[in-house]
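First residue of the sequence shown? That's 152 in my numbering, and the numbers climb one at a time after it. Encoded as C-alpha coordinates, the structure appears first; notes follow it.
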Amino acid sequence: MTHDAFLGGRVHIWQPRKGYRAATDPVWLAAACPAASGQSVLELGCGAGTALACLNARVAGLDLAGIEMQRDYAELARRNLPQGARVLEGDLSRMPPELRARRFDHVIANPPFYSAGQGIRPNDPGRETAHVEDTPLATWIDSGLRRVQDRGTFTMINRTDRLADILAPLQGRTGGVMILPLAARAGRAAERVIVQAIKGARAPLKLLPPMVVHEGDSHPGDVSHFSALASGVLREGACLSLAAI
(Lines of atoms letter the chains of each structure in order from A; the text may use other names.)
(Lines give C-alpha, C1' and ligand atoms only; values in the text may rest on other atoms or scores of the structure.)
Protein backbone atom coordinates (compact mmCIF):
# COMPACT_ATOMS: atom_id res chain seq x y z
CA MET A 152 0.00 0.00 0.00
CA THR A 153 1.21 3.52 -0.77
CA HIS A 154 0.02 6.91 0.45
CA ASP A 155 0.28 9.21 -2.57
CA ALA A 156 -0.02 12.98 -2.83
CA PHE A 157 -2.28 14.74 -5.34
CA LEU A 158 -2.94 18.44 -5.96
CA GLY A 159 0.47 19.45 -4.69
CA GLY A 160 -0.05 17.62 -1.40
CA ARG A 161 -3.57 18.90 -0.63
CA VAL A 162 -4.92 15.36 -1.09
CA HIS A 163 -3.35 12.07 0.00
CA ILE A 164 -4.70 8.76 -1.26
CA TRP A 165 -4.10 5.24 -0.02
CA GLN A 166 -3.90 2.90 -3.00
CA PRO A 167 -2.42 -0.51 -3.81
CA ARG A 168 1.27 -0.72 -4.60
CA LYS A 169 0.32 -3.12 -7.39
CA GLY A 170 -2.85 -3.18 -9.46
CA TYR A 171 -4.83 -0.17 -10.63
CA ARG A 172 -3.28 3.08 -9.40
CA ALA A 173 -4.78 6.51 -9.99
CA ALA A 174 -2.72 8.98 -11.98
CA THR A 175 -3.96 12.22 -13.54
CA ASP A 176 -7.25 11.10 -15.15
CA PRO A 177 -9.33 11.32 -11.96
CA VAL A 178 -7.80 14.72 -11.22
CA TRP A 179 -8.93 16.04 -14.62
CA LEU A 180 -12.36 14.51 -14.05
CA ALA A 181 -12.74 16.19 -10.66
CA ALA A 182 -11.61 19.54 -12.03
CA ALA A 183 -14.20 19.42 -14.83
CA CYS A 184 -17.16 18.73 -12.52
CA PRO A 185 -19.03 22.04 -12.03
CA ALA A 186 -20.26 21.22 -8.53
CA ALA A 187 -21.01 23.97 -6.01
CA SER A 188 -21.16 23.80 -2.23
CA GLY A 189 -24.31 22.06 -1.00
CA GLN A 190 -24.77 20.00 -4.17
CA SER A 191 -24.61 16.22 -4.55
CA VAL A 192 -22.12 14.26 -6.66
CA LEU A 193 -22.08 10.56 -7.54
CA GLU A 194 -19.07 8.84 -9.06
CA LEU A 195 -19.59 5.61 -10.99
CA GLY A 196 -16.71 3.19 -10.46
CA CYS A 197 -15.02 5.40 -7.89
CA GLY A 198 -12.00 3.15 -7.30
CA ALA A 199 -10.02 4.36 -4.29
CA GLY A 200 -11.91 7.66 -4.34
CA THR A 201 -9.27 9.89 -5.93
CA ALA A 202 -11.62 11.97 -8.07
CA LEU A 203 -14.09 12.55 -5.25
CA ALA A 204 -11.27 13.42 -2.85
CA CYS A 205 -9.85 15.97 -5.29
CA LEU A 206 -13.30 17.46 -5.85
CA ASN A 207 -13.86 17.65 -2.10
CA ALA A 208 -10.56 19.53 -1.71
CA ARG A 209 -11.75 22.18 -4.18
CA VAL A 210 -15.41 22.51 -3.14
CA ALA A 211 -16.45 22.38 0.51
CA GLY A 212 -19.83 21.15 1.68
CA LEU A 213 -20.53 18.56 -1.02
CA ASP A 214 -22.75 15.51 -0.59
CA LEU A 215 -20.46 12.81 -2.03
CA ALA A 216 -21.34 9.26 -3.05
CA GLY A 217 -19.56 6.56 -4.99
CA ILE A 218 -20.27 3.07 -6.27
CA GLU A 219 -17.46 0.56 -6.77
CA MET A 220 -17.71 -3.12 -7.68
CA GLN A 221 -14.31 -4.17 -6.23
CA ARG A 222 -14.50 -4.54 -2.45
CA ASP A 223 -10.84 -3.70 -1.78
CA TYR A 224 -11.12 -0.42 -3.68
CA ALA A 225 -14.44 0.44 -2.05
CA GLU A 226 -12.82 0.02 1.36
CA LEU A 227 -9.94 2.27 0.31
CA ALA A 228 -12.38 4.90 -0.92
CA ARG A 229 -14.09 4.91 2.48
CA ARG A 230 -10.68 5.41 4.06
CA ASN A 231 -9.68 8.19 1.67
CA LEU A 232 -12.92 10.19 1.65
CA PRO A 233 -14.43 12.39 4.38
CA GLN A 234 -16.65 10.77 6.96
CA GLY A 235 -19.91 11.93 5.40
CA ALA A 236 -19.21 10.40 1.99
CA ARG A 237 -21.13 7.23 1.07
CA VAL A 238 -19.31 4.48 -0.85
CA LEU A 239 -21.41 1.47 -1.84
CA GLU A 240 -20.30 -1.81 -3.37
CA GLY A 241 -22.29 -2.82 -6.40
CA ASP A 242 -22.61 -3.26 -10.13
CA LEU A 243 -23.88 -0.48 -12.36
CA SER A 244 -26.40 -2.82 -13.97
CA ARG A 245 -27.75 -3.72 -10.51
CA MET A 246 -27.57 -0.40 -8.71
CA PRO A 247 -28.00 -0.62 -4.92
CA PRO A 248 -31.50 0.49 -3.78
CA GLU A 249 -30.00 3.39 -1.83
CA LEU A 250 -28.70 4.87 -5.08
CA ARG A 251 -31.68 3.91 -7.24
CA ALA A 252 -33.86 6.04 -4.97
CA ARG A 253 -31.72 9.16 -5.43
CA ARG A 254 -31.02 11.80 -8.06
CA PHE A 255 -27.78 13.79 -7.98
CA ASP A 256 -26.82 17.25 -9.17
CA HIS A 257 -23.76 15.80 -10.89
CA VAL A 258 -22.56 12.36 -11.94
CA ILE A 259 -18.94 11.70 -12.94
CA ALA A 260 -17.25 8.62 -14.38
CA ASN A 261 -13.85 7.34 -15.47
CA PRO A 262 -14.80 3.99 -17.06
CA PRO A 263 -12.38 1.33 -18.31
CA PHE A 264 -10.63 2.59 -21.42
CA TYR A 265 -10.76 -0.65 -23.41
CA SER A 266 -13.75 -2.63 -24.59
CA ALA A 267 -13.71 -6.40 -24.12
CA GLY A 268 -11.24 -7.98 -26.54
CA GLN A 269 -9.40 -4.70 -27.15
CA GLY A 270 -5.84 -4.08 -25.99
CA ILE A 271 -3.67 -6.31 -23.79
CA ARG A 272 -5.40 -7.63 -20.68
CA PRO A 273 -3.38 -6.91 -17.51
CA ASN A 274 -2.34 -9.85 -15.35
CA ASP A 275 -3.55 -8.16 -12.16
CA PRO A 276 -7.34 -8.56 -11.59
CA GLY A 277 -7.67 -5.04 -10.16
CA ARG A 278 -5.96 -3.47 -13.15
CA GLU A 279 -7.97 -5.63 -15.54
CA THR A 280 -11.28 -4.56 -14.02
CA ALA A 281 -10.22 -0.91 -14.11
CA HIS A 282 -8.89 -0.94 -17.67
CA VAL A 283 -10.99 -3.51 -19.58
CA GLU A 284 -14.75 -3.14 -19.50
CA ASP A 285 -17.07 -5.93 -18.44
CA THR A 286 -19.98 -3.50 -18.45
CA PRO A 287 -20.56 -1.81 -21.85
CA LEU A 288 -19.83 1.89 -22.02
CA ALA A 289 -23.46 2.54 -22.98
CA THR A 290 -24.54 1.00 -19.67
CA TRP A 291 -22.20 3.31 -17.75
CA ILE A 292 -23.78 6.30 -19.47
CA ASP A 293 -27.35 5.05 -19.09
CA SER A 294 -26.77 4.40 -15.37
CA GLY A 295 -25.29 7.85 -14.94
CA LEU A 296 -28.13 9.62 -16.72
CA ARG A 297 -30.70 7.74 -14.66
CA ARG A 298 -29.04 8.98 -11.46
CA VAL A 299 -28.59 12.65 -12.45
CA GLN A 300 -31.48 15.05 -12.03
CA ASP A 301 -32.88 17.19 -14.84
CA ARG A 302 -30.47 19.98 -15.80
CA GLY A 303 -27.74 18.23 -13.86
CA THR A 304 -24.42 17.36 -15.49
CA PHE A 305 -22.86 14.07 -16.52
CA THR A 306 -19.08 14.23 -16.96
CA MET A 307 -16.80 11.47 -18.26
CA ILE A 308 -13.14 11.07 -19.19
CA ASN A 309 -12.01 8.37 -21.61
CA ARG A 310 -9.89 7.64 -24.64
CA THR A 311 -10.52 9.82 -27.67
CA ASP A 312 -11.15 6.77 -29.86
CA ARG A 313 -14.18 5.95 -27.67
CA LEU A 314 -15.82 9.30 -28.42
CA ALA A 315 -18.44 7.87 -30.79
CA ASP A 316 -19.38 5.26 -28.15
CA ILE A 317 -19.83 8.07 -25.60
CA LEU A 318 -21.88 10.41 -27.77
CA ALA A 319 -24.36 7.83 -29.07
CA PRO A 320 -26.07 7.09 -25.70
CA LEU A 321 -26.23 10.83 -24.90
CA GLN A 322 -28.24 11.53 -28.05
CA GLY A 323 -31.82 12.58 -27.31
CA ARG A 324 -31.36 12.55 -23.53
CA THR A 325 -28.93 15.42 -23.06
CA GLY A 326 -27.90 18.70 -24.63
CA GLY A 327 -25.19 21.28 -24.24
CA VAL A 328 -22.61 18.56 -24.81
CA MET A 329 -19.06 19.90 -24.50
CA ILE A 330 -16.04 17.93 -25.68
CA LEU A 331 -12.58 18.85 -24.40
CA PRO A 332 -9.64 16.97 -25.97
CA LEU A 333 -6.54 16.57 -23.79
CA ALA A 334 -3.34 16.66 -25.85
CA ALA A 335 0.00 15.75 -24.29
CA ARG A 336 1.76 18.46 -26.32
CA ALA A 337 0.94 21.11 -28.90
CA GLY A 338 0.54 19.64 -32.37
CA ARG A 339 -0.05 16.11 -31.13
CA ALA A 340 -3.27 14.15 -31.40
CA ALA A 341 -5.35 14.13 -28.23
CA GLU A 342 -5.43 10.70 -26.54
CA ARG A 343 -7.91 11.66 -23.83
CA VAL A 344 -11.23 13.47 -24.01
CA ILE A 345 -13.53 14.92 -21.37
CA VAL A 346 -17.22 14.91 -22.31
CA GLN A 347 -19.81 16.82 -20.31
CA ALA A 348 -23.55 16.85 -20.99
CA ILE A 349 -26.60 18.44 -19.37
CA LYS A 350 -29.57 16.15 -18.87
CA GLY A 351 -32.71 17.43 -20.56
CA ALA A 352 -31.01 20.38 -22.26
CA ARG A 353 -31.25 21.17 -25.98
CA ALA A 354 -28.21 23.38 -26.60
CA PRO A 355 -25.96 22.30 -29.48
CA LEU A 356 -22.76 20.31 -29.10
CA LYS A 357 -19.48 22.21 -28.74
CA LEU A 358 -16.06 20.87 -29.65
CA LEU A 359 -13.63 22.88 -27.54
CA PRO A 360 -10.00 23.69 -28.39
CA PRO A 361 -7.63 21.09 -26.96
CA MET A 362 -6.08 21.47 -23.53
CA VAL A 363 -2.31 21.12 -23.93
CA VAL A 364 -0.87 19.36 -20.89
CA HIS A 365 2.91 19.76 -21.33
CA GLU A 366 5.05 22.58 -22.68
CA GLY A 367 7.77 21.93 -25.23
CA ASP A 368 8.43 18.94 -27.47
CA SER A 369 9.72 16.54 -24.80
CA HIS A 370 10.57 16.21 -21.12
CA PRO A 371 14.00 17.73 -20.32
CA GLY A 372 15.53 15.02 -18.15
CA ASP A 373 13.07 13.83 -15.51
CA VAL A 374 11.31 17.17 -15.16
CA SER A 375 7.69 17.45 -16.30
CA HIS A 376 6.88 20.97 -17.51
CA PHE A 377 3.13 21.33 -17.32
CA SER A 378 1.42 24.14 -19.18
CA ALA A 379 0.11 26.91 -16.93
CA LEU A 380 -3.49 25.66 -17.17
CA ALA A 381 -2.52 22.04 -16.57
CA SER A 382 -0.37 23.01 -13.59
CA GLY A 383 -3.30 24.89 -12.10
CA VAL A 384 -5.48 21.79 -12.35
CA LEU A 385 -2.98 19.07 -11.44
CA ARG A 386 -0.92 20.83 -8.79
CA GLU A 387 -3.20 23.50 -7.38
CA GLY A 388 -6.63 21.92 -7.69
CA ALA A 389 -8.05 24.62 -9.97
CA CYS A 390 -11.48 24.27 -11.56
CA LEU A 391 -11.55 23.31 -15.23
CA SER A 392 -14.76 24.99 -16.34
CA LEU A 393 -15.65 23.67 -19.77
CA ALA A 394 -18.34 26.33 -20.10
CA ALA A 395 -15.68 29.05 -19.74
CA ILE A 396 -13.35 27.71 -22.44
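Even glycine gets a Cβ: it sits at the ideal position worked out from N, Cα and C.
Runs of the beta strand (DSSP E) lying entirely within the stretch 307-381, each at least 3 residues long, are 325-334 and 343-350 in chain order.
Judged by DSSP in its simplified three-state form, E387 adopts coil rather than helix or strand. Judged by DSSP secondary structure, S392 falls outside any beta strand (DSSP E); it is assigned neither H nor E. When the Cα atoms are used, Q234 and G383 turn out to be separated by approximately 27 Å. For A182 against T201, the beta-carbon gap comes to about 12 Å, at or over 8 Å, which does not count as contact. R254 places its beta carbon less than 9 Å from that of G303.
Per DSSP, the continuous beta strand (DSSP E) segment holding A260 begins and ends at F255 to A260. Per DSSP, reduced to three states, the secondary structure at L195 is strand. The bridge partners DSSP lists for L206 come to none. Secondary structure at G241: coil, using DSSP grouped into helix, strand and coil. The shortest C-alpha to C-alpha distance from V328 to any of I317, R222, G338 and A334 is the one to I317.
Between G212 and S244, the gap from beta carbon to beta carbon reaches 9 Å or more. When rounded, the separation of the alpha-carbon atoms in G326 and R343 is 21 Å.
Around the beta-carbon of T306, 16 or more other beta-carbon atoms lie within 10 Å, marking it buried.
For Y265, the secondary structure class from DSSP, reduced to helix, strand or coil, is strand.
In its chain, beyond the 5 residues on either side, I164, V178, T201 and C205 have a beta carbon closer than 7 Å to the beta carbon of F157.
Per DSSP, reduced to three states, the secondary structure at T286 is coil, with no helix or strand assignment. Remark: C-beta atoms of L227 and E194 do not approach each other more closely than 9 Å. Each of L180, H154 and V162 was checked against the Cα of K169, and the nearest Cα belongs to H154. Per DSSP, the continuous beta strand (DSSP E) segment holding A216 begins and ends at D214 to E219. Per DSSP, the beta-bridge partners of Q166 are T153. According to DSSP, V299 shares a beta bridge with F255. Between D285 and R336, the C-beta spacing is not below 9 Å. In the DSSP annotation of this structure, A211 is not part of any alpha helix (DSSP H), being labelled neither H nor E.
For the options G198, P355, A319 and R297, the alpha carbon positioned closest to that of D256 is the one of R297.
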